[in-house]
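The sequence shown begins at 2 in the UniProt record's numbering and counts up by one. Structure record follows, encoded as structure tokens.
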Amino acid sequence: PKTAYVRTKPHLNIGTMGHVDHGKTTLTAAITKVLAERGTGTFVPFDRIDRAPEEAARGITINIAHVEYETDTRHYAHVDMPGHADYVKNMITGAAQLDGAILVVSALDGIMPQTAEHVLLARQVGVDHLVVALNKADAGDEELADLVELEVRELLTAQGYPGESVPVVRVSGLKALAGEPRWTASVEALLDAVDTYVPMPERYLDAPFLLPVENVLTITGRGTVVTGAVERGRLRVGDRVEVLGAGVHSVVTGLETFGRPMPEAQAGDNVAVLLRGVPRDAVRRGHVVAAPGSVVPGRRFTARVYVLAGAEGGRSTPLSTGYRPQFYLRTADVAGDVDLGAAGIARPGETVEMTVELDREVPLEPGLGFAIREGGRTVGAGTVTSVG
Ligand code: GDP
Ligand code: MG
């Protein structure tokens, strides 16, 4: 039998983000290599990370790779994604549920459009702690790296991060992967910065259990498994749950994290939950597994929404009542109708109140964050203020 997961250290979810080709995947592989050598992780080569399993959900392919490792003080689940669209989707839907992130910026190229967009997304979804990996430090000169560092600190400050004090660590994922001591040490320094700078988030362990479904799998002979990050509460084998969206009740018959059985899943854990008697096609990404009766799904809510400016990748024209974009709430994406009340319109760059009527019910509650997308781009970010 597989060895059980033993919870000896606090668990956090982190990830790499940044512009394509700045070295996110190489750095992810390098981190696992450095920690494998320390004996607290398993090396995951570049190819295994970059060819993450694809999930086709409602015609949209989502790529997300999870790797797992430990430092001296913490257990981490780390996500890396191949494409910009994957970041946008996973970050705004909260599928990545990042407690902190490593912003990878090539010291040769500096800030590029996706660097800026990921920082904006991180801010919107409440990733309050970023650590910067100034990557490819093996290839450029120090003065160029100094300039890029300044530029990154300015970008962070402009987006509401403490740009002066955010750790910026010069690394080379590529050379660390090749085992060069100077650069192996740089990756160690980066991990130390993550350990000390990203605080342990508050976990709502005593709240009723809630898991937004990220993926659904079938294990032959055992049944339907849903995966995702536990948003709140705890879950044990034998617990009763309801699957909102699927309209079914079930009992948990198995719980795993990274392929290892666990006695109890807690808020913040990345888990696979085996559900008794639930047909594979009844459950989808976007559904929510919850303690029975603990959440009430709805279609109508009011929200405070920031409409992205054109320069932030948003619209160049205002929204008006009757607008029908897609709403990304947890892992769900649902179309809905916007009502802007007396004002009737909302211009890019403005923060407005709106009432939304979704096409189908999802669990809603005040404080829930969401994104608004249209034609493959993010046009707004909001928070639910009241339901019903
Ligand atoms: P991603 O798109 O951000 O995941 O970037 P990759 O990890 O796929 O790397 C993109 C390219 O940059 C590849 O050719 C890597 O070999 C190269 N690269 C990554 N890290 C480094 C580094 O630290 N130094 C140098 N010189 N090249 C790097
Ligand atoms: Mg990559």
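For glycine and all other residues, C-beta sits at the position ideal for the given N, C-alpha and C. Remember, it's a predicted structure, so these values are computed and weren't measured experimentally.
Proximity test, residue i beta-carbon vs the ligand MG heavy atom, cut-off 8 Å
i, result
"residue 51", "yes"
"residue 26", "yes"
"residue 110", "no"
"residue 226", "no"
Which listed residue (the options) has its alpha carbon closest to that of residue i
i, options, result
"residue 384", "169, 373 and 343", "373"
"residue 271", "377, 14 and 8", "14"
"residue 11", "201, 323, 382 and 145", "201"
"residue 248", "382, 362 and 120", "362"
"residue 51", "225, 41 and 67", "67"
"residue 302", "156, 368, 321 and 345", "368"
"residue 5", "289, 261 and 216", "261"
"residue 376", "223, 388 and 328", "328"
"residue 197", "73, 315 and 382", "73"
"residue 232", "203, 256, 219 and 257", "203"
"residue 227", "193, 297 and 277", "277"
"residue 8", "167, 157 and 257", "257"
"residue 330", "83, 207, 89 and 80", "89"
"residue 164", "173, 154 and 172", "154"
"residue 145", "171, 161 and 130", "171"
"residue 75", "86, 42 and 84", "42"
"residue 1", "337, 118, 183 and 356", "Not covered by the structure: residue 1. The range shown for the chain is 2 to 389."
"residue 357", "35, 321, 288 and 379", "321"
"residue 216", "289, 174, 192 and 147", "289"
"residue 371", "98, 35, 70 and 40", "98"
Proximity test, residue i beta-carbon vs the ligand GDP heavy atom, cut-off 8 Å
i, result
"residue 47", "yes"
"residue 140", "yes"
"residue 114", "no"
"residue 83", "yes"
"residue 21", "yes"
"residue 105", "yes"
"residue 175", "yes"
"residue 34", "no"
"residue 136", "yes"
"residue 172", "yes"
Per-residue DSSP class, three states only, for residue i
i, result
"residue 380", "strand"
"residue 165", "coil"
"residue 203", "coil"
"residue 276", "strand"
"residue 1", "This structure does not reach residue 1, given that the chain is present from 2 up to 389, and the question cannot be answered."
"residue 59", "Reliability of the predicted coordinates at residue 59 is poor, the pLDDT of 37 falling under 50, and the value obtained from them is presented with this limitation in mind. Looking at residue 59 - three-state DSSP - the assignment turns out to be coil, as it is neither helix nor strand."
"residue 291", "strand"
"residue 385", "strand"
"residue 38", "helix"
"residue 365", "coil"
"residue 4", "coil"
"residue 375", "strand"
"residue 286", "coil"
query: Is the segment 95 to 115 in contact with the segment 40 to 51, if contact means three or more CB pairs nearer than 8 Å?
result: At 8 Å Cβ cutoff, the stretches do not touch.
- request: Pick out the complete beta strand (DSSP E) segments inside the segment 301 to 360, 3 residues or longer, and give them in chain order.
  value: List check, beta strand (DSSP E) in window: 327 to 330 and 333 to 340.
- prompt: Does the pairing of the segment 339 to 349 with the segment 258 to 276 give three or more beta-carbon distances under 8 Å?
  reply: No, the segment 339 to 349 does not touch the segment 258 to 276.
task: Determine, using beta-carbon pairs with one atom in the segment 18 to 33 and one in the segment 97 to 107, whether at least three such pairs fall under 8 Å.
output: Because the criterion of three Cβ pairs below 8 Å is met, the segment 18 to 33 and the segment 97 to 107 touch.
message: Count Cβ pairs between the segment 205 to 218 and the segment 173 to 193 that sit closer than 8 Å; are there 3 or more?
response: No, because fewer than three Cβ pairs between the segment 205 to 218 and the segment 173 to 193 fall closer than 8 Å, the two stretches do not touch.
- prompt: At which residue ranges does the segment 66 to 154 contain complete beta strand (DSSP E) runs of 3 or more residues, listed in the order of the chain?
  reply: For secondary structure counted as the beta strand (DSSP E) over 3 or more consecutive residues, the segment 66 to 154 holds these complete runs in sequence order: 66 to 71, 76 to 81, 102 to 107 and 131 to 136.
task: Determine contact between the segment 242 to 256 and the segment 306 to 317, defined as no fewer than three beta-carbon pairs at a distance below 8 Å.
output: The segment 242 to 256, when compared against the segment 306 to 317, does not touch it at the 8 Å Cβ threshold.
query: Can you list, in chain order, the stretches of the beta strand (DSSP E) that have 3 or more residues and sit fully within the segment 229 to 266?
result: If one requires a minimum length of 3 residues, the beta strand (DSSP E) runs lying completely within the segment 229 to 266 are 235 to 237, 241 to 245 and 249 to 258, in chain order.
query: Would you call the segment 26 to 34 and the segment 112 to 127 in contact, with 3 or more CB pairs under 8 Å?
result: Contact between the segment 26 to 34 and the segment 112 to 127 is absent, with fewer than three C-beta pairs closer than 8 Å.
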